[in-house]
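Before any comments, here is the structure.
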Amino acid sequence: MASARRATGLREVVEEGEVMDSVLMEGSEINDGKASAIIKRYSSKAPVLNSVVEETENAIHNVVNANDTASELARRPGFGTRGARVALYANYFELSTPAGCEVFRYNVEITQPGVPKQKQRQIFNLLLEQHLAEKRHCIAADFRSAIISSVDLLDAKPDPEELYDVRYKGEAHTEYSENAPIFQVKIIFASKVSVSSLVDYLSSTSMSALFREKSEVLQALGLIVGHEAQASPRLASTPGNIHFPICDKSAERFNLGAGLEALRGFSINVRAATARLLVNCQVDYTVFFQKAKLAKVITAYRQDGSPSISRLESFLKRLQVQVTHTNQQVRFKVIVGLAAPLDGQDLPHPPIVACHGAGPRDVKFWRCDPDPELSKKDGSESMDIDSPRPEEKGKYITVAEFFLEKYGIHLDPDMPVVKILSRNKQPAYLPADICIVRDAQPARSRITEAQKMKMNTFAIRRPAANARSITSKGAELLGISPGNNANTTLRNFGFNISPDLITVPGRVLPSPSVLYANKSKPDIQSGGWKQRSAKFCKPCRLSSWDFLYISSAKDRDYFPSPADLRPCISGLRSKLSDYGVATQPMTNGHRVDITPALSPSNGRYSVGRLDQIIHTAIKHLARTRKPELVLVILPSTNTDIYNCVKRICDVQMGITNICTLAPKFSKKDEAYLSNLCLKFNLKMGGVNHVLVTDKSGLMSEGKTIVVGVDSTHPLTRASAAGPDMQPVVVGMVASVDKHMAQWPGEVRIEKSQPRRTTAVPIDAMLESRLRLWASLNRNQLPENIIVYRGGISDGEYARVLDDELPLLKSACAKVYPESEKKKGLPRLSVIIASKRHRTRFYPSQEADADRLSNPRNGTVVDRGVTQAREWEFYLQAHTPLHGTARPAHYYVVWDEVFRFVQKSNQPFADAADVLEGFTHDLCYLFGRTNKAVSLCAPAYYADLLCARARCYLTDTSNDHQGTGSRPSEYIVQKRKIDSRDIGRAMDFTDIRVHSDLRKTMFYI
1233 MASARRATGL REVVEEGEVM DSVLMEGSEI NDGKASAIIK RYSSKAPVLN SVVEETENAI
1293 HNVVNANDTA SELARRPGFG TRGARVALYA NYFELSTPAG CEVFRYNVEI TQPGVPKQKQ
1353 RQIFNLLLEQ HLAEKRHCIA ADFRSAIISS VDLLDAKPDP EELYDVRYKG EAHTEYSENA
1413 PIFQVKIIFA SKVSVSSLVD YLSSTSMSAL FREKSEVLQA LGLIVGHEAQ ASPRLASTPG
1473 NIHFPICDKS AERFNLGAGL EALRGFSINV RAATARLLVN CQVDYTVFFQ KAKLAKVITA
1533 YRQDGSPSIS RLESFLKRLQ VQVTHTNQQV RFKVIVGLAA PLDGQDLPHP PIVACHGAGP
1593 RDVKFWRCDP DPELSKKDGS ESMDIDSPRP EEKGKYITVA EFFLEKYGIH LDPDMPVVKI
1653 LSRNKQPAYL PADICIVRDA QPARSRITEA QKMKMNTFAI RRPAANARSI TSKGAELLGI
1713 SPGNNANTTL RNFGFNISPD LITVPGRVLP SPSVLYANKS KPDIQSGGWK QRSAKFCKPC
1773 RLSSWDFLYI SSAKDRDYFP SPADLRPCIS GLRSKLSDYG VATQPMTNGH RVDITPALSP
1833 SNGRYSVGRL DQIIHTAIKH LARTRKPELV LVILPSTNTD IYNCVKRICD VQMGITNICT
1893 LAPKFSKKDE AYLSNLCLKF NLKMGGVNHV LVTDKSGLMS EGKTIVVGVD STHPLTRASA
1953 AGPDMQPVVV GMVASVDKHM AQWPGEVRIE KSQPRRTTAV PIDAMLESRL RLWASLNRNQ
2013 LPENIIVYRG GISDGEYARV LDDELPLLKS ACAKVYPESE KKKGLPRLSV IIASKRHRTR
2073 FYPSQEADAD RLSNPRNGTV VDRGVTQARE WEFYLQAHTP LHGTARPAHY YVVWDEVFRF
2133 VQKSNQPFAD AADVLEGFTH DLCYLFGRTN KAVSLCAPAY YADLLCARAR CYLTDTSNDH
2193 QGTGSRPSEY IVQKRKIDSR DIGRAMDFTD IRVHSDLRKT MFYI
């Protein structure tokens, strides 16, 4: 999926067949009280479709059919026709702009380097206040680097830039100080943006119409629409035009524990659609630090988070706090760490700190005899660490003594003393008791499993509740709700936003039929089915398999003796037998205690020691013969343990493995064992189920290989060292026959290259997949290659064509003989598959809704919110277990397959029907579950493959997880290692999956 995703590291033990973000997920409504029981639809009004949009779509479609001379281009061939028609609401408002609308775009630069972001925003505000006050009503800004104006700010000067001196004052200050610093700010003319030209293009039916500045216009419109939210002190804004009400009456907060809270807000962006501009508004959630006394936040973190001082320090770093012990104007300070013994050791009078994170009684600093004149002036006195002159008179004093003597404040001796930067940029000490955490500061730390559960309790809501939030609080945030003061920025630019959600047409595609052994066909209801006693289509055979039970003093011991584990193993064997999998009794098993790898100081595992212990245990299992599979029973969801197992088995030893959690495995739950069986069969090369047939023939004829590609950039400290050191993970999976049930994968980890979607040679990866297909299909190569590409954002579609399409074609040129090339083979199609978008749909009639009031599974939308010239559609193939369904978005960037299939296949009105039906069928071929999934199988599998590769990138420090810090080094084990190699940091480009596993679904 999208780059820098959160990686739980435990994808294998997740039971739901759904790609979900671990934090920003949507689900069943929990917190809407009694009203939730009666909310079924967003609105009781009869839905009305926009006839102008539909007429324009049809007109463009007719022009395309009449002028379809370049069949290979990914131009929309038409709109789909299959399925029962439905009317849906979408989370969009319609945006109207005046005729002939043009705006001016400027870049803004602060010439001084290294200005903090918060100060940059204040400088931006002061620039508008001091130099552009008369034109401010014509201006919209992002308060970072851009200004959009309805008038020329430079008055048509020949020089396209102007330099301004901005006198600085703090946000909370009403007056300027005598020696206020001056910042030089440059306004540079960037371009003149024609909004009306984009509107004309979206409404034009001419196929020769082109508009290359679309993204620039949409960025400008997004800035204008979101300006008042960005400027409002009542809202907290985060990158991506996401805004959160923070005033007591409108704020929606939820305590997550450990000093953190979740806020509910709204994201805003402007999108282009046929014949109109739309404003997308979606409910969003982000984790913030609690606005509370710092001592309270620290206490909460110690209770719910970690007792480790080093992790507490990482948690607090860069946090802004307000000091309360003086009567001066409000000042905010930035925490840079906790008091430590090595502070100021090069100073004449270094502080005396008993230990890292010491309290106010254990931190002494050199207090110079106060200057009477300075004391008269402001009554303040600094606790700076530095003492610039050795000859200065003074004495050492503890922080506790200082505050009692100076301010009469008794400090809590158990609260750590924090370090801040003083006015002269030197470190100074502050006790936690006198600090208040500034409101609306996004948290950088990863939240814990317990916090994720609390987050879900707050974030999970039914679709109608979200829709009503958008049209009430979201519309209020935009300044378009009834009775609300109009958005003055929109009014000044001549814009207008409709307060009602738009209505779009959709269709519900029929579910395909699923087939098991002996032609057993289960009934499919709401996109799911029960396998019951039906056997796998192709069950594997397991002749040698062992178990590894990992125990730790940190977790409960569920299997103290082999006798306790034996019934669970027998239950699993029995369930495998029910599905047709023949297994021999386990001949070997091993219990390993990883308690020696625990650090007594922070309760975390030493990664190097953990690797050594688990490697020795697995090596013990394979001492006489290498087992076909190892069942690894984990004591908990700890990611260090899981990652270690995967790294050793997948990369180093080449042993197929399945991880299961001891708490769940011990219950012998039928559903849980069934899910394990699905993984067993897939990992060992079996086929769980197939589809009866497909009308297009793309599957059943056995001439099509389907490829899934995904990429991600794991968060690493290497990123800070520069783009050359940032890893990019690219995974590729591909089908091997007409059943499309086995999807072996290959993963590469390379160094990133700027301005490229991937730095990995995907040509070599595709070449390996094609050769594997040929080896399993009588040396016959596929005629069609269909690539579903995940991990690509909207702005990167062109880069896929420029960077990746040539590589894919190059791979085909190497593999296919000239005789096939002369026939025009292979035919290649590339489709972007994404769930990282903010479009949602809501049923307008109860008859068209599922039990949670989502659209029914199989709902496809290719009109109303799309562009008629671009081949894209939304597909909600699944029925979510809870909450608001998120459809997948598919965008065709290159097509040589579906037009060809449609021309030779009469059941389909056009190629759009072929692609939509084929993609929908693929959602039923995800073998790890008995239900349709939200993202088609190849894209989903590629996402899992990338997630697995992230397990191989492991930090050698014990303090990176849950603290906001990032991995500093990578560990990768060589195939042959000794004790000196274990835990050694190596180049991550050396990481490759063991050759024994590259033809298997090791990642499932």
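This note's numbering applies: residue 1233 is where the sequence shown begins, and numbers increase by one.
By construction, the Cβ of each residue, glycine as well, lies at the ideal position given by its N, Cα and C atoms.
Asked	Found
Is the Cβ-Cβ distance between V2092 and G2022 less than 8 Å?	no
Check whether the Cβ atoms of Y2173 and V1883 lie closer than 8 Å to each other.	no
Identify every residue that forms a DSSP beta bridge with Q1416.	D1397
Which whole runs of the beta strand (DSSP E) in the segment 1815-1887 are 3 residues long or more, in chain order?	1820-1825, 1861-1866
Can you give me the start and stop residues for the beta strand (DSSP E) that W1761 sits inside?	Unbroken run through W1761: none, as it is neither H nor E.
Taking the C-alpha atoms as reference points, what is the distance between Q1344 and Q1416?	7 Å
Buried or exposed: D1601, going by 16 or more other Cβ atoms within 10 Å of its Cβ?	exposed
Among the candidates V1431, P1465, L1450, whose CA atom is the shortest distance from the CA of A1441?	V1431
Taking 6 Å as the limit between beta carbons, can you name the residues of its chain near E1545, skipping five residues before and five after?	G1569, L1570
Please report how far the alpha carbon of A1795 lies from the alpha carbon of D2080, in whole angstroms.	53 Å
Can you tell me whether N2086 is buried or exposed? The criterion is at least 16 other CB atoms within 10 Å of its CB, across all chains shown.	buried
Taking its Cβ as the centre, do 16 or more other Cβ atoms sit within 10 Å of A2109, making it buried, or is it exposed?	buried
Please return the same chain residues whose Cβ sits closer than 7 Å to the Cβ of G1905, not counting the five positions on each side in sequence.	At residue 1905 the sequence reads Leu, which differs from the Gly that was named. Here the set comprises G1803, L1804, K1807.
Taking the alpha helix (DSSP H) that I1692 belongs to, which residues open and close that run?	Per DSSP, I1692 belongs to no alpha helix (DSSP H) and is neither H nor E.
How far does the alpha helix (DSSP H) with D1796 in it extend, from its first residue to its last?	1794-1810
When DSSP builds the beta bridges, which residues end up paired with F1597?	I1629
Under 8 Å by Cβ, that's how I've got Y2156 and P1744 pegged, so tell me the actual separation to the nearest angstrom.	5 Å
Check N1889 in the structure and name its three-state DSSP category.	strand
Rounded to whole angstroms, what's the CA-CA distance from G1538 to G1589? Just pull it up for me.	Note that residue 1538 corresponds to Ser in the displayed sequence, not to Gly. In a straight line, the C-alpha of S1538 is about 14 Å away from that of G1589.
If you reduce the DSSP assignment to three classes, tell me which class G2086 lands in.	According to the sequence as given, residue 2086 is Asn; it is not Gly. In this structure, N2086 counts as coil in the three-state DSSP scheme.
Taking all protein chains shown into account, do 16 or more other C-beta atoms lie within 10 angstroms of the C-beta of T2098, making it buried, or fewer, making it exposed?	buried
What residue range does the beta strand (DSSP E) around W1777 cover?	1777-1783
Between the C-alpha atoms of G2243 and Y1533, what's the straight-line distance to the nearest angstrom?	Residue 2243 lies beyond the range of the chain shown here (1233 to 2236); nothing can be said about it.
With which residues is E1341 paired in a DSSP beta bridge?	K1418
So what's C1667 in DSSP terms, helix, strand or just coil?	strand
Which of the three DSSP states is assigned to T1301 in this structure?	Reliability fails at T1301, whose pLDDT of 44 lies under 50, so the model's placement of it is uncertain and the value that follows must be treated cautiously. Three-state DSSP puts T1301 in coil, outside helix and strand.
Per DSSP, which one or two residues make a beta bridge with L1495?	R1485, T1518
What is the C-beta distance between V1862 and I1880, in whole angstroms, given that I count them as a contact (C-beta under 8 Å)?	At roughly 10 Å, the Cβ-Cβ gap does not stay under 8 Å, so V1862 and I1880 are not in contact.
Taking three-plus beta-carbon pairs below 8 Å as touching, is the segment 1660-1670 in contact with the segment 1540-1558?	yes
Does the contact criterion of 3 or more C-beta pairs under 8 Å hold for the segment 1770-1785 versus the segment 1900-1914?	yes
Identify, in the order they occur along the chain, each residue of the same chain with its Cβ nearer than 7 Å to the Cβ of T1721, setting aside the five sequence neighbours on each side.	A1372, I1456, H1459, E1460
Helix, strand or coil, according to DSSP, for C1479 in the structure here?	coil
State the Cα-Cα distance for the pair K1277 and Y2074, rounded to the nearest angstrom.	13 Å
Could you tell me whether the Cβ atoms of A1213 and Q1561 are closer together than 8 Å?	The structure shown has nothing for residue 1213, since the chain only spans 1233 to 2236.
So if DSSP puts V1284 in a beta bridge, which residue, or which two residues, is it bridged to?	None; V1284 has no bridge partner.
Please state the DSSP three-state secondary structure of S2000.	helix
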